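So for the sequence shown, my numbering puts the first residue at -13; every next one is plus one.
Okay, so here's the structure we're looking at.
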Amino acid sequence: MTDAATKPLLLTDIERAVRASWDAETCTPEYRARWTGENPARDQCGVTALVVNDLVGGDLLRGEVHVDGAWVDYHWWNRLGEGLEIDLTREQFAPHEIVTPGTVIPRPPNSELRRLREEYELLRGRVLDRLGAAGALP
-13 MTDAATKPLL LTDIERAVRA SWDAETCTPE YRARWTGENP ARDQCGVTAL
37 VVNDLVGGDL LRGEVHVDGA WVDYHWWNRL GEGLEIDLTR EQFAPHEIVT
87 PGTVIPRPPN SELRRLREEY ELLRGRVLDR LGAAGALP
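Structure follows, in structure tokens:
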């Protein structure tokens, strides 16, 4: 029998914990007023990609979001090993919002995070608590 403390994390466990941890306080601050529970992934991509990277490693990917051919924002997600991409916030986009292919962006050390630092730390803490892994990561 496997002890709960030694049970390996599954991607489904991580996904469930991340999705349960989102709210207006974890999304991009300049868009916080538009966040709703009907589209909980909206504006959560940057912090979510960082937390997933904390838990499973891999690359951070950043693509551009275009509407009517014009750039409007960036979108972040993860890539593991042999090209497996994990994008827990992809459903935030409407059909008219087009995301370009991603480019690998080097992850800055946590000590250098400035933008979204509070939101990232809040989401990370919630996810680790839900996974029972608080204190398990640096």
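For glycine and all other residues, C-beta sits at the position ideal for the given N, C-alpha and C.
If you're wondering where the values come from, they're calculated on a predicted model, not measured in any experiment.
query = So does Glu105 have its beta carbon nearer than 7 Å to some heavy atom of the ligand SAM?
reply = Inclusion of the ligand SAM in the displayed structure is not the case, the ligand content being empty and no account of it being possible.
Quiz item: Taking the runs of the beta strand (DSSP E) that are 3 residues or longer, which of them lie wholly in the region 15 to 57?
Solution: Unbroken beta strand (DSSP E) runs of no fewer than 3 residues, entirely contained in the region 15 to 57, are found at 45 to 53, following chain order.
- Task: Would you list the residues sitting across from His61 in a DSSP beta bridge?
- Result: DSSP lists Gly49 as partners of His61.
- Query: Tell me the DSSP bridge mates of Thr89?
  - Reply: Note: Thr89 sits in a beta bridge opposite Arg48.
Q) In three-state terms, what does DSSP make of Leu(-3)? A) The answer is helix: DSSP assigns Leu(-3) an H, G or I state.
Helix, strand or coil: which one does DSSP assign to Met(-13)?
In this prediction, Met(-13) has a pLDDT of 38, which is less than 50 and means its spatial position is unreliable; what the coordinates show is noted afterwards. Three-state result, Met(-13): coil.
Could you pull the start and end residues of the beta strand (DSSP E) that Leu70 belongs to?
-> For Leu70, the enclosing beta strand (DSSP E) covers residues 70 to 72.
Practice prompt. Please work out which residues of its chain come closer than 7 Å, Cβ to Cβ, to Glu77, disregarding the five sequence neighbours upstream and downstream, and give them in chain order.
Written response: By the criterion of a C-beta distance shorter than 7 Å, Glu77 is surrounded in its chain by Ala27, once the five residues flanking it on both sides are discounted.
Exercise. Return helix, strand or coil for Gly121, following the three-state DSSP convention.
Key: No answer about Gly121 holds up, because its pLDDT of 48 lies below 50 and its placement is not dependable.
For Glu68, does the count of other Cβ atoms within 10 angstroms reach 16, so buried, or fall short, so exposed? With a threshold of 16 other beta carbon atoms within 10 Å, Glu68 falls short and is exposed.
Out of Tyr17, Val38, Gly32, which one is the CA nearest neighbour of Asp(-1)? Checking every option, the nearest Cα to that of Asp(-1) belongs to Val38.
Query raised in the report: Any idea which residues DSSP pairs Glu83 with across the strands?
Result: Within the DSSP bridge table, the entry for Glu83 names Val53 as partners.
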